[in-house]
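In the numbering used here, the protein residues as written are 2 to 255.
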């Protein structure tokens with residue numbers, strides 16, 4: 002579904018992506034694991050079409066979006082949705098308006114048409130129910146906890162029903178119990194939508210809880226990629242540290 006080849010990106014004098022090669026399979030949960038500030042989120046923005054690379058290609062269903070203009074990119078990525086690190090909720094809108102935002106401004110990616118208001122309201126209620134937030138439609142985002150905001154952001158994804166789901170540090174800043182709830186919801190969403198999920202994180206426990214495959218992003222490249230079982234067997238200083246951490250504190254290991 003997604004093939005990335007030799008992707009490079011620099012900002013000023015900082016070379017962030019240094020030849021990323023990555024293939025994402027249909028219907029998998031791929032977790033890209035790496036340290037904070039390593040460029041994982043920059044990679045997501047390229048997949049979403051929000052950044053243009055200096056070099057390299059990104060093929061989505063066989064179409065290289067790096068060669069397209071913004072209007073053409075939109076047509077290719079309209080089947081994507083993203084949960085941003087800060088949830089990206091609009092404080093000026095109530096929860097219902099936030100969750101319905103994609104559907105109010107875009108065609109449904111599955112039906113290829115605009116939904117009417119009753120259909121959108123039904124989608125919103127179903128999505129909020131799925132993340133355990135029934136009845137908060139008219140609340141304001143400022144009244145919610147960090148974990149609840151993450152769930153509202155996830156409900157917005159669910160309501161839109163994209164086939165490719167991108168998650169930018171979905172458990173950052175959350176306590177372990179809330180982080181587990183978000184991880185469980187990511188898996189539930191994956192099963193419900195039968196989509197393809199790409200998650201960038203530095204949360205080791207989350208990675209091993211939810212991933213079908215784990216990729217290690219380091220020094221601007223994908224260094225290793227494999228199933229959790231095989232990944233942890235790789236002899237590498239960073240992976241050996243991960244292994245030691247998981248053995249000492251085995252919470253969440255898959």
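From the three backbone atoms N, C-alpha and C, an ideal C-beta is built for every residue, glycine too.
Item	Value
Residues sharing a beta bridge with residue 64, DSSP	61
Separation of residue 84 from residue 167, as counted between CA atoms	6 Å
Neighbour-count burial assignment, residue 170, 16 or more Cβ in a 10 Å radius	buried
Beta-carbon proximity check, residue 129 vs residue 153, cutoff 9 Å	yes
Closer than 8 Å: residue 64 CB and nearest the ligand PLP heavy atom	Questions concerning the ligand PLP fall outside what the structure shown contains, since it holds no ligand whatsoever.
contact_flag[the region 132 to 147, the region 80 to 97] where n(CB pairs < 8 Å) is 3 or more	yes
Distance between residue 157 and residue 102 (C-alpha atoms, nearest Å)	7 Å
Environment of residue 99 [buried if 16+ CB atoms lie within 10 Å]	buried
CB of residue 77 within 9 Å of CB of residue 40, strictly	no
Cβ separation of residue 215 and residue 32, assumed to be a contact under 8 Å, to the nearest whole Å	5 Å
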